[in-house]
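In the working numbering, the protein residues as written are 42 to 189.
The following block contains the structure:
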């Protein structure tokens, strides 16, 4: 947007694909255009990883919520359907929060307490033990875990 481009021009920074804000520790005095390196992290430290999960499109209740489904034999025609979604005369509506088919994935996810195995300052990489949300080459944010 025009506001973001003006913000970057003031900091004499080139246009960026993604711009993120992070809270800083007390006592640090960064200047516009300063880089944040991975040297702020240490091995054996625990971090929370925030990212966007892989999108899986519009899915039914079996895949989206793990419903069991009906029997597949003996003339049953109830295989992957959700079943009853409410009552009849009262309250005669679907209760909010009912688990139904819909968009699966492509949501902001936080994976907590992943341990840093190695910090490669030369290539500006952090190696983690555990699952990181999102597709390959997607953006994630690391923040110090409350665990330590």
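Ideal placement from N, C-alpha and C gives every residue a C-beta, glycine not left out.
Between residue i and residue j, what straight-line distance do the alpha-carbon atoms span, to the nearest angstrom?
i	j	result
residue 70	residue 173	30 Å
residue 63	residue 114	55 Å
residue 180	residue 129	46 Å
residue 111	residue 48	56 Å
residue 165	residue 140	42 Å
residue 116	residue 122	15 Å
residue 65	residue 185	11 Å
residue 95	residue 152	14 Å
residue 73	residue 55	12 Å
residue 85	residue 45	37 Å
residue 119	residue 67	60 Å
residue 43	residue 137	39 Å
residue 80	residue 169	15 Å
Once you ignore the five residues that flank residue i on each side, which residues in its own chain have a CB closer than 8 Å to its CB?
i	result
residue 82	88, 157, 160, 167, 183
residue 59	180
Quick one: what does DSSP say residue i is sitting in, helix, strand or coil?
i	result
residue 72	coil
residue 44	helix
residue 173	coil
residue 153	strand
residue 104	helix
residue 158	strand
residue 137	coil
residue 49	helix
residue 77	coil
residue 99	strand
residue 93	strand
residue 184	strand
residue 143	strand
Using only alpha-carbon positions, find the residue among the options that is nearest to residue i.
i	options	result
residue 154	162, 145, 187	187
residue 176	97, 162, 124	97
residue 106	76, 143, 45	143
residue 148	44, 46, 91	91
residue 194	151, 93, 65, 137	An answer regarding residue 194 cannot be provided, because it is not within the stretch 42 to 189 covered by the chain.
residue 78	163, 127, 118	163
Apart from the five residues on each side of it in sequence, which residues of its chain come closer than 6 Å, Cβ to Cβ, to residue i?
i	result
residue 171	155
Let me check you understand the geometry: is the CB of residue i closer than 6 Å to at least one non-hydrogen atom of the ligand MN?
i	result
residue 56	In the structure shown, the ligand MN is absent, as is every other ligand, since no ligand is present at all.
Take every Cβ of the region 98-110, pair it with every Cβ of the region 128-138, and state whether three or more of those distances are shorter than 8 Å. Segments in contact, no.
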